[in-house]
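Asks: Numbering (the numbering used here), first residue to last: 1003 to 1239.
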Ligand code: BJW
Ligand code: ZN
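(1) Once you ignore the five residues that flank residue 1017 on each side, which residues in its own chain have a CB closer than 7 Å to its CB?
(2) If the criterion is Cβ atoms closer than 9 Å, does the pair residue 1181 and residue 1057 meet it?
(3) When burial is assigned at 16 or more other CB atoms within 10 Å of the CB, is residue 1165 buried or exposed?
(4) Beta-carbon separation of residue 1080 and residue 1005 under 9 Å?
(5) Assess contact between the segment 1130-1142 and the segment 1084-1101, defined as three or more Cβ pairs (one per stretch) separated by less than 8 Å. Is contact present?
(6) Do you know how far the Cα of residue 1230 is from the Cα of residue 1173?
(7) How many whole angstroms separate the CB atoms of residue 1219 and residue 1193, which I take to be in contact at a CB cut-off of 8 Å?
(8) Cβ of residue 1156 versus every heavy atom of the ligand GTP: is any distance shorter than 8 Å?
(9) Measure the alpha-carbon distance for residue 1113 versus residue 1148 and round it to whole angstroms.
(10) Taking the continuous alpha helix (DSSP H) assigned at residue 1159, which residues delimit it?
(11) With a threshold of 8 Å on Cβ separation, who are the neighbours of residue 1039 within its own chain once the five nearest residues in sequence on each side are excluded?
(12) If you draw a straight line from the alpha carbon of residue 1100 to that of residue 1077, how long is it in whole angstroms?
(13) Any chance the CB of residue 1024 is under 8 Å from a heavy atom of the ligand BJW?
(14) Do you know how far the Cα of residue 1046 is from the Cα of residue 1171?
(15) In angstroms, rounded to a whole number, what distance separates the CA positions of residue 1142 and residue 1176?
(16) Whole angstroms is fine: what's the gap from residue 1129's alpha carbon to residue 1061's?
(17) What would DSSP say about residue 1071, mapped onto helix, strand or coil?
(18) Whole angstroms is fine: what's the gap from residue 1035's alpha carbon to residue 1075's?
(19) When the Cα atoms are used, what is the spatial distance from residue 1186 to residue 1107?
(20) Can you round the beta-carbon distance between residue 1051 and residue 1131 to whole angstroms, since I take them to be within the 8 Å contact cut?
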């Protein structure tokens, strides 16, 4: 069985990492999706960095949950496996993945920085700038931002190509904990369906994925994915 997965913030919810949308997604008085823009960074880079520093702290305190571990087991049971994640937290990697599995961080990583002027990308596992501290700057002179993809920014070509290959070459495609409203990420589910995969959508709620071609698996993915892993995967250790 060739496995493809598209995941979103709901995958990490049980680890204590907040999702983006919905009432619980509020950070201070700001809506996260409004901070995740180049315009917000241009207007108030200190505020945007404060939010990302807060998120780094949250993720550092978090651990992978049963859903991440179930995905790792499912990858282990598959002949080919690819995970397309919209998450920037790195928790799936911390859960461990078999060597034959591919992981694409479609929206980048909290643990990198990126200069939006010259494109320079660096690994950065630090806490992020604290209150009143100077913001990180690039050798080119511009301010450096978090290594993530904001609205209106292009996704990395290599990640898009790998994601398309995963969606196009799988028998089973799991959509996990994503509102499926952000493009082009959500389109990989439709691509997998068009290519003939069975698409299962693990979410607390119905999503806008076309219900003609997918099946909704209701409930918390940290409960439902381990059930699927129990059916298809190798025994838990
Ligand atoms: C559980 C659960 C539990 C909770 N168990 N479930 C086509 C049509 C319309 C618009 C566009 C289009 N193509 C492009 C656009 C524009 C835009 C877009 O999509 N807009 C729409 C929102 C309208 N897209 C872009 O701008 C993208 N760029 C682009 O297209 O560039 C083009 C270009 C080309 C060439 C040059 C220049 C430009 C970029 C999109 C980047 C998105 N970035 C963010 C921030 C990333 C960094 C960060 O983390 O800070 O990505 S926004 C935010 O949304 C983040 C997420 O990855 C993404 C998706 O959110 P996600 O993961 O789905 O989370 P939630 O909170 O929405 O949902 C959680 C779900 O979990 C819910 O459904 C819950 O029910 C569920 N859940 N607990 C199971 N325990
Ligand atoms: Zn630069």
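A virtual CB, placed ideally from N, CA and C, is assigned to each residue, including glycine.
Replies: On the basis of the supplied data:
(1) By one-based count along the chain shown, residue 1017 stands at place 15. Here the set comprises 1064, 1065, 1066, 1067 and 1093.
(2) Against the chain shown, residue 1181 aligns to sequence position 179. Against the chain shown, residue 1057 aligns to sequence position 55. Not in contact: residue 1181 and residue 1057 (Cβ atoms no closer than 9 Å).
(3) Taking the chain shown and counting its residues from 1, one reaches residue 1165 at position 163. Result: buried.
(4) As a working note, residue 1080 is residue 78 in the chain shown. As a working note, residue 1005 is residue 3 in the chain shown. Contact flag set, yes.
(5) The segment 1130-1142 is not in contact with the segment 1084-1101.
(6) Within the chain shown, the letter at position 171 stands for residue 1173. Within the chain shown, the letter at position 228 stands for residue 1230. Those two C-alpha atoms are separated by around 15 Å.
(7) Against the chain shown, residue 1219 aligns to sequence position 217. Against the chain shown, residue 1193 aligns to sequence position 191. Between residue 1193 and residue 1219 the Cβ distance is about 20 Å, and since that is not below 8 Å, they are no contact.
(8) Here the bound small molecules are the ligand BJW and the ligand ZN; the ligand GTP is not part of this structure.
(9) Here the question's residue 1113 lines up with position 111 in the chain shown. Here the question's residue 1148 lines up with position 146 in the chain shown. When rounded, the distance between both Cα atoms is 8 Å.
(10) Within the chain shown, the letter at position 157 stands for residue 1159. It spans 1159-1170 - the alpha helix (DSSP H) in which residue 1159 sits, taken as one unbroken run.
(11) Taking the chain shown and counting its residues from 1, the one referred to as residue 1039 is at position 37. Excluding positions up to five away in sequence, the list reads 1152, 1153 and 1154.
(12) Stepping through the chain shown from its first residue, residue 1100 is reached at position 98. Stepping through the chain shown from its first residue, residue 1077 is reached at position 75. Roughly 7 Å between the two C-alpha positions.
(13) As a first step, residue 1024 is located in the chain shown; it is residue number 22 there, counting from the start. Because some heavy atom of the ligand BJW lies under 8 Å away, the Cβ of residue 1024 counts as near it: yes.
(14) The residue labelled residue 1171 in the question sits at position 169 within the chain shown. The residue labelled residue 1046 in the question sits at position 44 within the chain shown. In a straight line, the C-alpha of residue 1171 is about 42 Å away from that of residue 1046.
(15) As a position in the chain shown, residue 1142 is number 140, starting the count at 1. As a position in the chain shown, residue 1176 is number 174, starting the count at 1. Approximately 42 Å, taken between the alpha carbons.
(16) Position 127 of the chain shown, counting from 1, holds the residue named residue 1129. Position 59 of the chain shown, counting from 1, holds the residue named residue 1061. Whole-angstrom Cα-Cα distance: 11 Å.
(17) As a position in the chain shown, residue 1071 is number 69, starting the count at 1. Helix, per DSSP.
(18) Walking along the chain shown from the start, residue 1035 turns up at place 33. Walking along the chain shown from the start, residue 1075 turns up at place 73. Rounded to whole angstroms, residue 1035 to residue 1075 spans 32 Å at the Cα level.
(19) Here residue 1186 refers to the residue found at position 184 when the chain shown is read from its first residue. Here residue 1107 refers to the residue found at position 105 when the chain shown is read from its first residue. The alpha-carbon atoms of residue 1186 and residue 1107 are separated by roughly 13 Å.
(20) For this step, residue 1051 is matched to residue 49 along the chain shown. For this step, residue 1131 is matched to residue 129 along the chain shown. Indeed they touch by this definition, with Cβ atoms about 5 Å apart.
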